[in-house]
Amino acid sequence: MNIAIDGPAGAGKSTIAKLVSAKLGYIYVDTGAMFRAVAYNCTKNGIDKDDTAAISESLSKADISIKYVGNVQRVFLNDEDVTDHLRDESVGNMASVVARIPAVRSKLLELQRKLARENDVVMDGRDIGTCVLPDAELKVYLTASSAVRAKRRYDELVAKGETPDIDVIEKDIIERDERDMNREIAPLKQADDAVLVDSSYMTIDEVAAKIISLAEEAGAGV
Ligand code: DC
Numbered sequence: 003m004n005i006a007i008d009g010p011a012g013a014g015k016s017t018i019a020k021l022v023s024a025k026l027g028y029i030y031v032d033t034g035a036m037f038r039a040v041a042y043n044c045t046k047n048g049i050d051k052d053d054t055a056a057i058s059e060s061l062s063k064a065d066i067s068i069k070y071v072g073n074v075q076r077v078f079l080n081d082e083d084v085t086d087h088l089r090d091e092s093v094g095n096m097a098s099v100v101a102r103i104p105a106v107r108s109k110l111l112e113l114q115r116k117l118a119r120e121n122d123v124v125m126d127g128r129d130i131g132t133c134v135l136p137d138a139e140l141k142v143y144l145t146a147s148s149a150v151r152a153k154r155r156y157d158e159l160v161a162k163g164e165t166p167d168i169d170v171i172e173k174d175i176i177e178r179d180e181r182d183m184n185r186e187i188a189p190l191k192q193a194d195d196a197v198l199v200d201s202s203y204m205t206i207d208e209v210a211a212k213i214i215s216l217a218e219e220a221g222a223g224v
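Just so you know, we're using the working numbering here: the sequence shown kicks off at 3 and counts up by one.
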């Protein structure tokens, strides 16, 4: 059984996917973290985010793999656990830039499909329902307004003791949406058979409960 959750940055996909996968006993696959690992590898090796040739070339020396500690995904780059380097806003924005490159997408596609073949998964990303797992038993398109997504991110950063500018956060979110939705390969888009969930005015628990009930309808045993 595979559950695909797609949607724009900051819609709450990973929070929800973690809750749903824990409840169902499935593995949570965070595909954004894989693109972030490619971005991190470029930064580490001084490769410019717009140098498509150098990025494509760098992939042959970048072994990206995923391991699980319980239900928690850890991302390895050439045997180094880089998970804790991937969450920064700058890495996310760069991931969105490198994600446009065909060689990057095809390398990660193989890894994503293999995980879904070998496990029951809740996989989140941008193109899971449309491209990675077109036969997923349940597809959800999780979204929220850019203002709500910016406010959530703002609150998270404030809770960490930072002093962010909410307008800058919203501007970055809108830019990232545009890049992810308008790229040539596997753009972010709701699959025809995906259920639209707008979380703007829902709590985390309400969204998780909604998706778990959709999963049960689709045949997931709880
Ligand atoms: O979900 P995230 O913020 O960790 O993703 C970071 C970037 O990676 C996102 O802006 C676009 C890219 N991405 C993608 O192109 N396809 C996916 N399935 C997941 C992420």
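Backbone N, C-alpha and C fix where the C-beta goes; we use that ideal spot for every residue, glycine too. Keep in mind it's a predicted model, so treat the numbers as computed, not measured.
Residues near residue i by beta carbon distance below 7 Å, same chain, minus five either side
i, result
"S58", "I103, A105"
"R115", "V134"
Residues that DSSP places opposite residue i in a beta bridge
i, result
"G14", "Beta-bridge pairing links G14 to no other residue."
"K69", "R76"
"N4", "V123"
"Y30", "V124"
"D200", "T145"
Under 7 Å between C-beta atoms of residue i and residue j
i, j, result
"A217", "L144", "no"
"Y28", "D122", "yes"
"R128", "D179", "no"
"A146", "I171", "no"
"I214", "V71", "no"
"V40", "V100", "yes"
"G131", "A64", "no"
"H60", "I49", "Rather than His, the amino acid found at residue 60 in this sequence is Ser. Contact: yes."
"K20", "Y30", "yes"
Residues near residue i by beta carbon distance below 6 Å, same chain, minus five either side
i, result
"A222", "M3, L26"
"G14", "S201"
Residue closest to residue i, alpha-carbon to alpha-carbon, out of the options
i, options, result
"K191", "Q75, P136, E164, T45", "P136"
"E208", "D8, T17, A6", "T17"
"K69", "R89, A56, M36", "M36"
"N95", "A211, R76, I175, A56", "I175"
Contacts around residue i, its chain only, beta-carbon distance under 8 Å, and the 5 residues preceding and following it disregarded
i, result
"V197", "L140, K141, V142, Y143, L216"
Unbroken stretches of the beta strand (DSSP E), 3 residues or longer, contained in the stretch 76-157: 123-127, 140-145
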